[in-house]
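Below is one structure; the comments refer to it alone.
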Amino acid sequence: LETKLQNLLRGQEAASSPPIIGIPRQGVGARAATGIDGTGRDFKQAPNIDIPSEIMSGLKWWENKTVPSAVHNYLFKIFVAHCQRVHFYFNQAAFESRMASSDPATQPHPCYLNAIYLMACYFTSLDLSPFPYLGDHEELFLGRAQGSLTESLAMSDRLMDFVRGSSLVTVYFLMRGRYLEGYHVHCGTARFALSCGLHRINSNELQDTEDHSTSNIGYLLSPPETEVELGDRLNAFWQIYWSDKLLSTLMGFVAALPGQAEAPDGISSVFPREIEYYEGTHHTPQNDTILELLLPQPTATIPANQHRDSPFAMVLKALTLLEQASRLGHLHRSKPSEGTIAALKELHVATDRFAATIPAVTAPEEIVEEGSASGCDSVAVLMARTITLGALLEMNNTTSATDAQAYNARLTSAGYIASLVFYFGPGNYGNADLATGVRTHGIAGA
Numbered sequence: 023l024e025t026k027l028q029n030l031l032r033g034q035e036a037a038s039s040p041p042i043i044g045i046p047r048q049g050v051g052a053r054a055a056t057g058i059d060g061t062g063r064d065f066k067q068a069p070n071i072d073i074p075s076e077i078m079s080g081l082k083w084w085e086n087k088t089v090p091s092a093v094h095n096y097l098f099k100i101f102v103a104h105c106q107r108v109h110f111y112f113n114q115a116a117f118e119s120r121m122a123s124s125d126p127a128t129q130p131h132p133c134y135l136n137a138i139y140l141m142a143c144y145f146t147s148l149d150l151s152p153f154p155y156l157g158d159h160e161e162l163f164l165g166r167a168q169g170s171l172t173e174s175l176a177m178s179d180r181l182m183d184f185v186r187g188s189s190l191v192t193v194y195f196l197m198r199g200r201y202l203e204g205y206h207v208h209c210g211t212a213r214f215a216l217s218c219g220l221h222r223i224n225s226n227e228l229q230d231t232e233d234h235s236t237s238n239i240g241y242l243l244s245p246p247e248t249e250v251e252l253g254d255r256l257n258a259f260w261q262i263y264w265s266d267k268l269l270s271t272l273m274g275f276v277a278a279l280p281g282q283a284e285a286p287d288g289i290s291s292v293f294p295r296e297i298e299y300y301e302g303t304h305h306t307p308q309n310d311t312i313l314e315l316l317l318p319q320p321t322a323t324i325p326a327n328q329h330r331d332s333p334f335a336m337v338l339k340a341l342t343l344l345e346q347a348s349r350l351g352h353l354h355r356s357k358p359s360e361g362t363i364a365a366l367k368e369l370h371v372a373t374d375r376f377a378a379t380i381p382a383v384t385a386p387e388e389i390v391e392e393g394s395a396s397g398c399d400s401v402a403v404l405m406a407r408t409i410t411l412g413a414l415l416e417m418n419n420t421t422s423a424t425d426a427q428a429y430n431a432r433l434t435s436a437g438y439i440a441s442l443v444f445y446f447g448p449g450n451y452g453n454a455d456l457a458t459g460v461r462t463h464g465i466a467g468a
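Under our numbering, the first residue of the sequence shown carries the number 23, and numbering increases by one thereafter.
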């Protein structure tokens with residue numbers, strides 16, 4: 023195994039056999055894939071905005087109950103520039119329209135705003151030139167967010183803002199290493215999202231809401247009025263799902279969301295698409311779900327008219343496969359059976375089929391040439407590849423004792439995961455919980 027890994031790291035084996043993954047040729051910067059993000063946007067690529075005088079002058083703007091308009095705009099732009107690294111996707115134009123509303127009931131709830139300010143301050147603590155450091159204000163906005171979350175829930179006021187604000191607070195705790203606090207907030211958020219029916223949105227297009235027997239929206243929330251609102255709800259739910267798998271599969275906490283797609287309260291929501299998709303008028307009919315992902319169908323080419331997965335959807339699917347592989351592996355080790363082996367083989371077919379749809383990882387120097395958006399997508403694809411390899415490694419590790427082919431396959435998967443870490447550099451992967459979890463739990467097992 024040691025010799026095999028050394029050959030992979032030197033690139034010798036890649037030259038003699040077709041690679042199963044796209045391997046970049048050098049690192050993408052010390053902060054491009056840190057934290058628990060899946061996008062790796064270059065933190066030096068900050069928007070060109072002026073720093074408000076309230077911040078530069080040292081005025082105690084934070085003592086105001088309401089954040090000054092100039093400071094709000096500044097913090098919001100910081101958040102928008104970097105929220106994709108925690109897979110927070112929302113329609114910016116719709117949010118700004120709500121901010122401009124004269125009706126307080128339609129404006130964003132303070133719990134949502136304070137959570138945004140909290141994350142913006144956190145992002146500035148990551149050496150975000152030219153943003154000044156605002157990390158000292160994190161506890162202030164955390165306290166305000168928690169207080170206003172309680173008010174929102176108590177008054178049933180703008181409940182989708184509660185969901186989004188609570189999800190951001192969860193992510194903040196995880197990024198700060200406060201896992202127990204994050205898990206506590208996440209459990210409440212996840213169960214509330216289920217009560218809202220966010221796990222039952224079965225289409226990327228608006229549905230007829232007159233017949234509640236087929237409606238994809240629960241009763242705690244009124245049905246979405248536009249497809250933009252529908253897209254925001256889908257992306258809100260799947261960010262919660264992402265946090266759930268991060269906490270359960272890779273950190274060992276009990277999952278707050280249903281573990282089986284076919285369970286009575288299982289997840290039937292379709293995987294999300296890019297935010298821009300919900301703004302357009304040309305839509306494709308495909309709506310893929312977890313159940314469809316896990317179907318043991320052989321690998322097939324993607325039809326030309328089928329909508330390809332967004333980078334976020336790729337990460338979500340990879341995490342789903344890893345969770346299934348870990349669950350079946352644990353089940354087989356505790357109570358071996360032919361049924362579990364058969365289920366693992368079916369999952370292997372589904373994983374191979376999904377892996378064939380992941381594009382090659384773009385080389386770092388090409389990312390720089392194509393711009394920051396390409397960089398985000400490329401590192402999300404990298405994460406999806408790494409996690410998918412972790413799923414294959416888990417399955418082969420489970421069956422390696424009785425299957426010589428599985429034994430060799432797990433060494434190959436471990437080698438390619440190691441090569442990805444090597445080419446992107448230990449600094450890039452060192453704090454990435456997704457990659458570190460796959461690497462530690464996978465390569466060590468091999």
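The beta carbon of each residue, even a glycine, is placed where N, CA and C say it ideally should be.
Once you ignore the five residues that flank residue i on each side, which residues in its own chain have a CB closer than 8 angstroms to its CB?
| i | result |
| --- | --- |
| T128 | R120 |
| W84 | H159, L162 |
Which residues in the same chain have their Cβ closer than 6 angstroms to the Cβ of residue i, if we skip the five residues on either side of it in sequence?
| i | result |
| --- | --- |
| F145 | I100, H104 |
| A431 | N418 |
| P132 | S170 |
| W264 | H109 |
| Y155 | T146 |
| N309 | S225, N226, V292 |
| A122 | none |
| Y139 | L97, F163 |
In three-state terms, what does DSSP make of residue i?
| i | result |
| --- | --- |
| D179 | coil |
| P132 | helix |
| A423 | coil |
| G437 | helix |
| D287 | coil |
| G302 | coil |
| Q168 | helix |
| S348 | helix |
| K357 | coil |
| T410 | helix |
| D469 | Since the first residue of the chain shown is 23 and the last is 468, residue 469 is not available in this structure. |
| C209 | helix |
| L442 | helix |
| Y263 | helix |
| G199 | coil |
| T192 | helix |
| A363 | A small fix is needed here, since residue 363 is Ile in this sequence, not Ala. Note: I363 maps to helix in three-state DSSP. |
| G274 | coil |
| V185 | helix |
| P333 | helix |
| C218 | coil |
If residue i sits next to residue j, beta carbons under 8 angstroms apart, how far is it from one beta carbon to the other, in whole angstroms?
| i | j | result |
| --- | --- | --- |
| D254 | N113 | 6 angstroms |
| G199 | A167 | Contact flag wrong, Cβ pair sits at about 18 angstroms. |
| A335 | F293 | 4 angstroms |
| S422 | Y429 | 4 angstroms |
| L317 | A372 | 6 angstroms |
| Y300 | V250 | 5 angstroms |
| D72 | Y134 | Going by Cβ atoms, the distance from D72 to Y134 rounds to 25 angstroms, so no, they are not a contact pair. |
| Q106 | S189 | Wrong, their Cβ atoms sit about 14 angstroms apart, outside the cutoff. |
| T424 | I380 | With 8 angstroms as the limit, T424 and I380 do not qualify as a contact, their Cβ atoms being about 29 angstroms apart. |
Could you tell me the alpha carbon to alpha carbon distance between residue i and residue j, rounded to whole angstroms?
| i | j | result |
| --- | --- | --- |
| D266 | L196 | 11 angstroms |
| E173 | D179 | 8 angstroms |
| V401 | E368 | 28 angstroms |
| N257 | A364 | 33 angstroms |
| E416 | S332 | 25 angstroms |
| Y205 | T248 | 32 angstroms |
| T420 | L433 | 13 angstroms |
| A142 | L269 | 23 angstroms |
| D287 | S225 | 17 angstroms |
| S348 | G412 | 10 angstroms |
| I43 | S441 | At I43 the pLDDT is 30, less than 50, meaning the model places this residue with poor confidence and gives no usable figure here. |
| P90 | L97 | 11 angstroms |
| L216 | V185 | 11 angstroms |
| Q229 | G219 | 14 angstroms |
| T192 | E203 | 8 angstroms |
| H370 | L175 | 42 angstroms |
| E314 | T362 | 20 angstroms |
| Q427 | G302 | 47 angstroms |
| L272 | A115 | 35 angstroms |
| P280 | G351 | 18 angstroms |
| T88 | N136 | 10 angstroms |
Between which residues of its own chain and residue i is the CB-CB distance below 7 angstroms, once the five residues before and five after are set aside?
| i | result |
| --- | --- |
| A277 | D266, S270 |
| F117 | P130 |
Are any of the Cβ atoms in chain C nearer than 7 angstroms to that of residue i?
| i | result |
| --- | --- |
| L341 | The structure shown contains no chain C; it holds only a single protein chain. |
May I ask you to verify whether the segment 194-209 touches the segment 241-248, counting CB pairs closer than 8 angstroms and requiring at least 3? no
Quick one: any contact between the segment 330-349 and the segment 374-382, if contact means 3 or more CB pairs under 8 angstroms? yes
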